[in-house]
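Right, one structure below, let's go through it.
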Amino acid sequence: MMPRNPRPPIPTDFQRPNVVFQPKTRLGMQRGINLIVDAIRPTLGPLPRVVALKRIGANDQLPELLDSGGLIARRIIQVKGRDEDVGAMFIRHVLWKLQEKAGDGTATAAVMFQTVYNQGVRHIINSGGNAMRMRGFFDRCVPLLLAELDCMRTHLQGKEQLAQLAETITHNRPLAEKLGEIFDIIGEYGRLEIRSGRSRELEREYVEGIYWDGGWFSRDMVNNPVMQRSEMEDAHLFVSDLEINEPADLLPLLELAIGNQIKNLVIVATVLSDRAMSILHTNREKITVLGVKAPEAMATKRQAALQDLAILTGAQPFFKAAGDTLAGVKLAHLGRARRAWATREFFGVVAGRGDPRRLRQHIAELRRSFASAADKDTRELLLSRLGHLMGGSATLWVGGFSPVDIEQTKELASNAAEAMRGAMREGVVPGGGAALLDCRRVIRPLLDEAKDPDEKAAYRIVLKALEAPARTIWRNAGLEDIEVMADLRNAPAGWGYDVLRRRLANMAEAGIWDAASVVKAAVHSAIASAGLALTTDVLVHRKRPPESLDTA
Amino acid sequence: MAYLTSQPDPNLFIYAIAGQGETFFAASTAGLYRSEDGGATWALATESLNLTEVVPSTALALSPDFAHEGAVFAGMAGGMLRSADGGRTWLLGKAPPPPPTITALVISPAFIEDGVLLAGTMEDGILRSSDRGLRWLPWNFGLLDLSIYSLAISPDFAADETLFAGAETGIFRSTNGGRAWREVDLPIGFETVLSLAISPAYRLDRTLFAGTESQGLLVSADGGASWKHVGREVFDGPVNGVLLSPEYPARPEMAVLCSGAAWISRDGGQGWQPFLSELSAENEITALYAPRGFAPGSPLWAGLVGGEVTRLTV
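As given, the protein sequences belong to chains U and Y, one line each in that order. Count along the first sequence from 1, then add 590; that gives the number in the working numbering. Count along the second sequence from 1, then add 19; that gives the number in the working numbering.
Following this line, the structure appears as structure tokens:
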């Protein structure tokens, strides 16, 4: 007799996973890690070479030409060999997370990771080293290195210095000049939109005041037909996410406004129906009303945007979720702005008349939240909110010879912008790998004092890892890294090799900088993650992942 | 002693006095006035504009080469006036609507070359002109408070492009010629800064004074990075004006207007004595103009509530 609830048969693949032990584990992972890093290595430095990636399922198209380590790592979604794939995907994840967090530094992290891992494997295999003990010593180095980098930090000022920084990130002088000027104006929290341009040039535009997505409800509200724009001076604002469907709903607000001799009124709402708008037409002799759509599609983002708009203009926002209705509206609930405008897509206010103390407190709170936020989406939302409150915004129009060219430059600009924000917030350190070379001075005393073989090995490996980015930059520029290192041996702190001018240089005076936040994130990611990777002892491969069993 | 108007007006308030040679200007609630005899007699300067009502004037700026080119600018409640003939005739500068109320005005020390002027406004933040006052555009990036009360421009502006703006909630600094602004941390929270004075040797001493509404006078010796109080025991009201000697810090003399009275220090703000007390005993002093500083024998102009302008010698 069959049981009432027969147990489904366990697939054979899942029953017999492929388990890989040492030394196959480390050697397999090592091959995968080396594969990824060797693909990224040519992109490090001011004389990078590009990596051509064949597009998936598009044999007749040009390959994608990339010089961003993070992007190259992300595009490699699988490598041949299952053991190799584990190593490759491990470092891929580390680099992509770094790219998301810092915007740059992936090639630096990649070569440091590779050095730590390869040298670590060598010590373990040749000298019987213990990976867990070594990892502990690696972890001891990380805070010391971060503190040393903090000591080297300086802050950049002016568009020239910012452009120099941008050039070290993008290796694209025209783009760097534009970014330098833009960030000098908008600051580290400022709003920058990067859009595809129509010409072949890079262009920038500054917009006064604040604007959000969400244009006018009706073309009838346009009072500048040439620009298809509605403009108001000395406007009062009703800020809400309400759905206003009936003319009667609007009556209390209109009566309040007309009764208080308000001439220009902006109504921010989620819905303002044609029926409701009919009452506005009836009263257009008494009051000019501009109805604009509440910004953002997601409710939480919309509430945040409306809260910001309310603080900026001194309004009290009305929220549907809180049960607010127009019936209770009072004059004190309305905000004010010197100017308000709307197009089909956007609405904006200039010189909101909210309480500046409250605004500055609000901005300070957002900055604190931004500094402590770890989640990328939260940081992006907070940055967007801060950008809206900074008094203006910039748009960079990116032109190019082809759509592919434009997209690549946009991505480059976007990553550079992220790194520059970090540099402006946290400062910069001497670039070209010089800061990391200088960091060796905090590890050398540890090495001198170390007695344990694993400890000695760990510090030697970290010293080599700190040299790896500079050596890679020199080799990518066609130089003999051993010779350059010998030349630098007696150079003072802050000096490195300027590969463009082919000479030793004080990196600060030569304008060669790296964002401190990027270098710190790269050091942390590379050393801590490589130490973790070294402790991987066993690999378990499944022929099919467990989740696919359900669908089977 | 002379009055701007034919008779004393208790509601008349003089915001600023400026001039060179025998030509002087006074910005007041009764409008913009001009004198051709060093302040002995005054006449409304805006007759040529045929204004239908009195438009208060709030700020003044003279070209560094006023003696030769005669360029002078006046901030008004509703816009900016410019004159290229020593104030005989005036034209309205073009600013974005609605009409701004100007509260402060500074002119680039290199105005002859760069033509740059900046104006603080009551609700519109900072307006900047780079064409000798013809067109004015708002530049408020990073300016989190658009109510500006005072401006100070670096004497080395052509090189360092540094400006400070005193606002309702504190001080903002620009290091790119007024195109963008950054908050300056003050040890007194979000306090209104009514007056600013920058050292003539700012490039070397990085010294800046800030007069606040209720927290007295502050000084920074590092370009605004850190601040300390000076004359705390003296200034218990709004500090409306701070004037430094043009030879500061070689001659560390300065005067402060606080609650209608004037004070002078001859040691960089360490010690303070009442100044012009015979004047302030009669009426509140609202404006001081000391183009040659406070050395004995230097000329000095004082504006008082009621519209009186007095020329004195220190």
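In this text, a Cβ means the ideal position worked out from N, Cα and C, and glycines have one as well. A quick note: this is a predicted structure, and the numbers were derived from the prediction, not measured.
**Prompt:** Would you say Glu-771/U and Pro-157/Y are within 8 Å of each other, going by their C-beta atoms?
**Reply:** no
**Item:** Lys-966/U (DSSP reduced to helix, strand or coil)
**Value:** helix
**Asked** At a Cβ threshold of 8 Å, is Val-1018/U touching chain Y?
**Response** no
**Prompt:** What are the start and end residues of each continuous alpha helix (DSSP H) run of 4 or more residues lying completely inside the region 117-185 of chain Y, in chain order?
**Reply:** 130-133, 176-179
**Request:** Would you kindly check if the distance between the Cβ of Ala-21/Y and the Cβ of Ala-46/Y is under 8 Å?
**Result:** no
**Prompt:** Name the chain Y residues whose beta carbon is nearer than 9 Å to that of Asp-774/U?
**Reply:** Thr-194, Asn-195, Arg-198, Ala-199
**Straight-line gap, Leu-685/U to Ala-663/U (C-alpha atoms, nearest Å)** = 7 Å
**Message:** Given this structure, state the Cα-to-Cα distance separating Leu-1124/U from Ala-178/Y, to the nearest angstrom.
**Reply:** 54 Å
**Item:** Alpha-carbon spacing of Glu-793/U relative to Asp-824/U, whole angstroms
**Value:** 32 Å
**Request:** Reducing DSSP to helix, strand and coil, say where Ala-314/Y ends up.
**Result:** coil
**Asked** Rounded to a whole number of angstroms, what is the C-alpha to C-alpha distance between Glu-327/Y and Ser-284/Y?
**Response** 25 Å
**Prompt:** Closest by CA to Thr-705/U, which one among Ile-1051/U, Asn-1080/U, Asp-1071/U, Glu-1070/U?
**Reply:** Ile-1051/U
**Item:** Supposed contact pair Ile-145/Y and Ile-167/Y - C-beta distance, whole angstroms, cut 8 Å
**Value:** 6 Å
**Request:** Mind checking which residues open and close the alpha helix (DSSP H) that includes Tyr-221/Y?
**Result:** 221-224
**Asked** CB-CB under 7 Å to Ala-1025/U, same chain, minus the five flanking residues each way: which ones, in chain order?
**Response** Leu-739, Met-742, Val-1019, Asp-1104, Val-1109
**Asked** What are the start and end residues of the beta strand (DSSP E) that includes Thr-985/U?
**Response** 982-988
**Prompt:** What are the start and end residues of the beta strand (DSSP E) that includes Met-722/U?
**Reply:** No beta strand (DSSP E) holds Met-722/U; the alpha helix (DSSP H) holding it covers 721-742.
**Prompt:** Considering only residues of the same chain and omitting the five flanking positions on each side of Leu-319/Y, which have a CB-CB separation below 6 Å?
**Reply:** Ala-309, Leu-331, Val-333
**Item:** Three-state secondary structure (DSSP) of Ser-193/Y
**Value:** strand
**Message:** Just to confirm before moving on: does the CB-CB distance between Trp-806/U and Ala-932/U stay below 8 Å?
**Reply:** yes
**Prompt:** Counting pairs of Cβ atoms below 8 Å between the region 138-154 of chain Y and the region 847-866 of chain U, do you hit three or more?
**Reply:** no
**Message:** Counting only Cβ pairs nearer than 9 Å, list the residues of chain Y close to Asp-824/U.
**Reply:** Pro-117
**Request:** Would you mind reading off the limits of the beta strand (DSSP E) that contains Tyr-801/U?
**Result:** 800-803
**Message:** Under 8 Å, Cβ to Cβ, is there at least one residue of chain Y near Leu-949/U?
**Reply:** yes
**Request:** Output the distance between the C-alpha atoms of Arg-151/Y and Gly-89/Y, rounded to the nearest integer angstrom.
**Result:** 12 Å
**Request:** Check whether the Cβ atoms of Phe-728/U and Glu-1045/U sit closer than 8 Å, and answer yes or no.
**Result:** no
**Request:** Measure the C-alpha to C-alpha separation of Leu-215/Y and Gln-289/Y and round it to an integer number of angstroms.
**Result:** 18 Å
**Prompt:** Apart from the five residues just before and just after Asp-1028/U, which ones in its own chain have a Cβ nearer than 6 Å to its Cβ?
**Reply:** Ala-1083
**Asked** CB Phe-838/U to CB Ala-859/U, shorter than 8 Å?
**Response** In the sequence on display, residue 838/U carries Ala and not Phe. Cβ atoms of Ala-838/U and Ala-859/U: not closer than 8 Å.
**Request:** Look at the alpha carbon of Ser-149/Y and the alpha carbon of Ala-766/U, and state the distance between them as a whole number of angstroms.
**Result:** 25 Å
**Prompt:** With DSSP run on the structure shown, which of helix, strand or coil describes Met-1161/U?
**Reply:** Residue 1161/U lies beyond the stretch modelled for chain U, which goes from 591 to 1142, so this question has no answer here.
**Request:** Please name the residue in Ala-80/Y, Arg-192/Y, Ala-49/Y, Ser-299/Y whose C-alpha comes closest to that of Asp-241/Y.
**Result:** Arg-192/Y
**Request:** Using the DSSP secondary-structure output, state which residues sit across from Ala-297/Y in a beta bridge.
**Result:** Per the sequence shown, residue 297/Y should be read as Glu rather than Ala. According to DSSP, which records beta bridges pairwise, Glu-297/Y is partnered with nothing at all.
**Asked** How many Å lie between Asn-814/U and Met-822/U at the Cα?
**Response** 10 Å
**Rounded straight-line distance, which links the Cα of Leu-137/Y to that of Pro-636/U** = 40 Å
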